[in-house]
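**Student:** What follows is a single structure, and I will ask about it in a moment.
Numbering (the working numbering), first residue to last: 200 to 263.
Below you can see the structure in the form of structure tokens.
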């Protein structure tokens, strides 16, 4: 299942730089650092916690 694949990837990335490209809230919310592109241009970047604190409900995908 998708959840098993995600958990396995997260488990095996320890100590490694891993880049996920996703539209799925469950994947995005597990990231340590998020880079948000809008029409191919950098819109926001930061840790999940800092983006939640700064932008709150405007980033609904972080609350999933």
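Where a beta carbon is used, it is the ideal one built from N, C-alpha and C, also for glycine. Keep in mind the model is a prediction, meaning the values are calculated, not measured.
Please name the residue or residues paired with residue 233 in a DSSP beta bridge.
**Tutor:** DSSP lists 245 as partners of residue 233.
**Student:** Verify whether the separation of the beta carbon atoms of residue 230 and residue 216 is less than 8 Å.
**Tutor:** The answer is no: Cβ separation not under 8 Å.
**Student:** Compute the beta-carbon to beta-carbon distance between residue 210 and residue 225, rounded to the nearest angstrom, for a pair I have assumed lies under 8 Å.
**Tutor:** About 15 Å; that fails the 8 Å criterion.
**Student:** Closest to residue 243 by CA distance: which of 207, 234 and 255 is it?
**Tutor:** The candidate whose alpha carbon is nearest that of residue 243 is 234.
**Student:** Please classify residue 250 as buried or exposed, where buried requires at least 16 neighbouring CB atoms within 10 angstroms.
**Tutor:** So residue 250 counts as buried.
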